[in-house]
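Numbered by my numbering, the letters in the sequence shown go through residues 175 to 606 in order. So the structure is just underneath, and the comments pick up after that.
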Amino acid sequence: MRMYDIISKKRDKQELTKEEISYFIKNLVSGEIPDYQTSALLMAICINGMSDRETLDLTIEMEHSGDCVDLSSLKNTVDKHSTGGVGDKTSLIIVPIAAACGGTVAKMSGRGLGHTGGTIDKLESIPGFKTELSPDVFMKLSKENGLALVGQSGNMAPADKKLYAIRDVTATVSCMPLIVSSIMSKKLAAGAQNIVLDVTVGSGAFIPDINDARVLAQTMVNVGKGAGRNVAAVLTDMDEPLGYSIGNNLEVIEAVDVLKNKGPEDLTFVALTLASEMVSLFSGKPSEECFEECKKVIQNGKALEKFRQMVIAQGGDVSYIDDTTKFKKADYSCEIKAAQSGYISKINTEAIGVSSVMLGAGREKKSDSIDFSAGIRMVKKLGDKVSPQDTIAVLYTSDESRIKDAKAKFESAISYADSYSGERKLVYGVIR
Ligand code: URA
């Protein structure tokens with residue numbers, strides 16, 4: 175077999191065989207294929223696409239290109255993946271809910287990427303919380319407590335690491351089969367039998383358009399099922415930040431508020447929707463029934479207790495969860511006033527995420543450290559009526575010099591109009 179022939183076949187719009195896809199991925203990982211040939215094939219895939227069968231074969235080959243977690247000894251294993259958002263702290267809420275409903279969530283999560291935050295960074299804002307556990311401890315905690323949350327292991331889906339680095343510099347990131355295989359190979363390698371995908375839609379999402387997001391969601395569900403897993407995708411709104419808080423310890427506080435049954439309505443509803451799909455997948459019960467069950471474990475404190483158990487088991491100081499006022503507060507804050515009278519008619523959510531990164535809540539470079547107390551607290555949201563004396567948000571940082579640019583970025587993200595008639599939806603649909 176020759177890489178040249180595989181490239182020319184895809185250039186000529188022909189379907190690649192399982193063997194050809196396997197040859198490509200194996201030789202990519204072993205370093206046999208030069209980047210220029212990989213780039214040529216990626217561009218041919220981008221232009222000519224892949225059939226569902228090719229996308230599934232590519233995903234499974236990428237899944238097995240490195241370590242795969244074996245969770246087969248655990249019951250009701252369930253995982254969740256989000257395509258990313260701003261203020262998106264749902265993992266912190268739904269992991270303990272699913273565990274309190276009888277699931278096992280042995281979960282690997284990522285760090286912040288671009289304008290979106292990451293669960294691992296958020297958890298590390300809890301003093302002492304360890305996000306690196308040995309495989310034995312990870313399995314033990316998952317089995318005993320029904321939940322453990324760690325960073326991604328170093329050698330999972332190495333084919334994706336290589337491909338993503340090349341896609342990033344060859345204008346081949348926004349290509350459906352490549353996105354699907356990238357996301358799903360990592361999720362499948364993480365080992366859960368049941369997987370819920372949160373596919374975000376709107377100005378803060380990786381795929382802003384609802385129709386494209388639906389195609390992405392459906393293709394990921396097909397691939398997951400083709401790989402023998404139970405999968406559901408929920409299309410959720412990211413046309414404004416989820417909840418009111420953006421930034422690491424601010425988001426932990428808001429997530430804990432939801433677990434204490436006093437969180438914001440939008441975040442609570444989206445979290446309950448995602449959690450109910452997780453519970454439905456492993457229990458086989460209808461999601462409407464599971465929604466009520468998930469609500470109940472918030473009301474009776476069982477989900478909060480699961481979260482506390484995870485914090486204690488992973489070395490975190492649980493007194494911060496019991497009294498979230500203990501979290502470090504930023505040294506500087508800046509109130510943003512409405513620029514005019516009217517309604518907040520549009521929010522560029524990605525720009526809000528960038529503003530929070532500029533305040534220190536995320537990394538501009540991989541080596542940057544995070545300011546856990548930095549971030550943004552939204553005071554007004556989409557559709558709210560405002561006048562110039564109203565505060566619409568508060569920015570927080572420990573580095574005063576960051577405020578000027580972050581403020582300008584935030585202000586550029588808000589549009590005003592004389593009226594607002596937008597019909598808001600938090601969940602656009604579920605694909606099962
Ligand atoms: N997230 C991923 O992990 N991969 C992609 O290709 C896009 C988003």
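Positions of the beta carbon are idealized from the N, C-alpha and C atoms, including for glycine.
Just grab the DSSP bridge partners of Met552 for me.
-> In the sequence shown, the residue the question calls residue 552 occupies position 378. Met552 is bridged to Ala567.
Anticipated Cβ contact below 8 Å, Gly320 with Asp244, distance rounded = Within the sequence shown, the letter at position 146 stands for residue 320. Within the sequence shown, the letter at position 70 stands for residue 244. At roughly 18 Å, the Cβ-Cβ gap does not stay under 8 Å, so Gly320 and Asp244 are not in contact.
For Gly325, the residue or residues it bridges with in DSSP = In the sequence shown, the residue the question calls residue 325 occupies position 151. Its beta-bridge partners are Ser283.
Chain-order list of residues whose beta-carbon lies under 7 Å from that of Asn222 (same chain, five-residue window excluded) | By 1-based counting over the sequence shown, the position of residue 222 is 48. Correct list, in chain order: Lys184 and Lys187.
Check each candidate in Tyr594, Lys540, Thr523 and Asp505 and name the one with the smallest Cα separation from Arg576.
-> Counted from its first residue, the sequence shown places residue 576 at position 402. Residue Asp505 is the option with its Cα nearest to Arg576.
Own chain partners of Asp334 with C-beta closer than 7 Å, once the 5 adjacent residues on each side are dropped | Position 160 of the sequence shown, counted from the start, is the residue given in the question as residue 334. These residues qualify, in order along the chain: Met236, Ser356, Ser359 and Lys360.
Could you give the distance in angstroms between the alpha-carbon of Ala609 and the alpha-carbon of Gln211?
-> No statement about residue 609 is possible, as the shown extent of the chain runs from 175 to 606 and does not include it.
Nearest to Gly549 by alpha carbon, out of Val260, Gly489 and Leu230?
-> As a first step, residue 549 must be located in the sequence shown, where it is residue number 375. Closest by alpha carbon: Val260.
Residues near Ser493 by beta carbon distance below 8 Å, same chain, minus five either side = Against the sequence shown, residue 493 aligns to sequence position 319. The answer, listed in chain order, is Lys500.
So, helix, strand or coil for Ile207, using DSSP?
-> For this step, residue 207 is matched to residue 33 along the sequence shown. Here Ile207 sits in coil by DSSP.
State the Cα-Cα distance for the pair Val542 and Lys336, rounded to the nearest angstrom.
-> By one-based count along the sequence shown, residue 542 stands at place 368. By one-based count along the sequence shown, residue 336 stands at place 162. As written in the sequence, residue 542 is Asp, which differs from the Val given in the question. Their backbone Cα atoms lie some 23 Å apart in a straight line.
Which whole runs of the alpha helix (DSSP H) in the stretch 215-258 are 4 residues long or more, in chain order?
-> 226-237
Taking Met532 as the reference, give the member of Ser515, Ala582, Gln326 and Asn404 with the closest Cα.
-> The residue you call residue 532 lines up with position 358 of the sequence shown. It is Ala582 whose Cα lies nearest to the Cα of Met532.
Listed in chain order, which residues are found with a beta carbon closer than 5 Å to a heavy atom of ligand 1?
-> Ile353, Ser356 and Ile357
Hey, would you say Asp253 sits closer than 8 Å to Ala363, going by beta carbons?
-> Here residue 253 refers to the residue found at position 79 of the sequence shown. Here residue 363 refers to the residue found at position 189 of the sequence shown. Against a cut-off of 8 Å, the Cβ pair of Ala363 and Asp253 comes out as no contact.
Reduced DSSP secondary structure (H/G/I, E/B, other) of Lys559 = Taking the first residue of the sequence shown as position 1, residue 559 is located at position 385. Correct three-state label for Lys559: strand.
In terms of DSSP beta bridges, what is Gly603 paired with?
-> For the purposes of this step, residue 603 is taken as residue 429 along the sequence shown, with counting starting at 1. Bridge partners of Gly603: Leu409.
Assumed close pair Ala280, Thr251 - CB separation to whole angstroms, cut-off 8 Å = Position 106 of the sequence shown, counting from 1, holds the residue named residue 280. Position 77 of the sequence shown, counting from 1, holds the residue named residue 251. With a Cβ gap of about 6 Å, Ala280 and Thr251 count as contacting.
Range covered by the alpha helix (DSSP H) that runs through Asp342 = To locate residue 342, count along the sequence shown from 1; it is residue 168. Counting along the chain, the alpha helix (DSSP H) containing Asp342 begins and ends at Pro332 to Val343.
Integer-rounded CB distance, given that Ser283 should sit under 8 Å from Leu323 | One-based indexing of the sequence shown puts residue 323 at position 149. One-based indexing of the sequence shown puts residue 283 at position 109. With 8 Å as the limit, Leu323 and Ser283 qualify as a contact, their Cβ atoms being about 6 Å apart.
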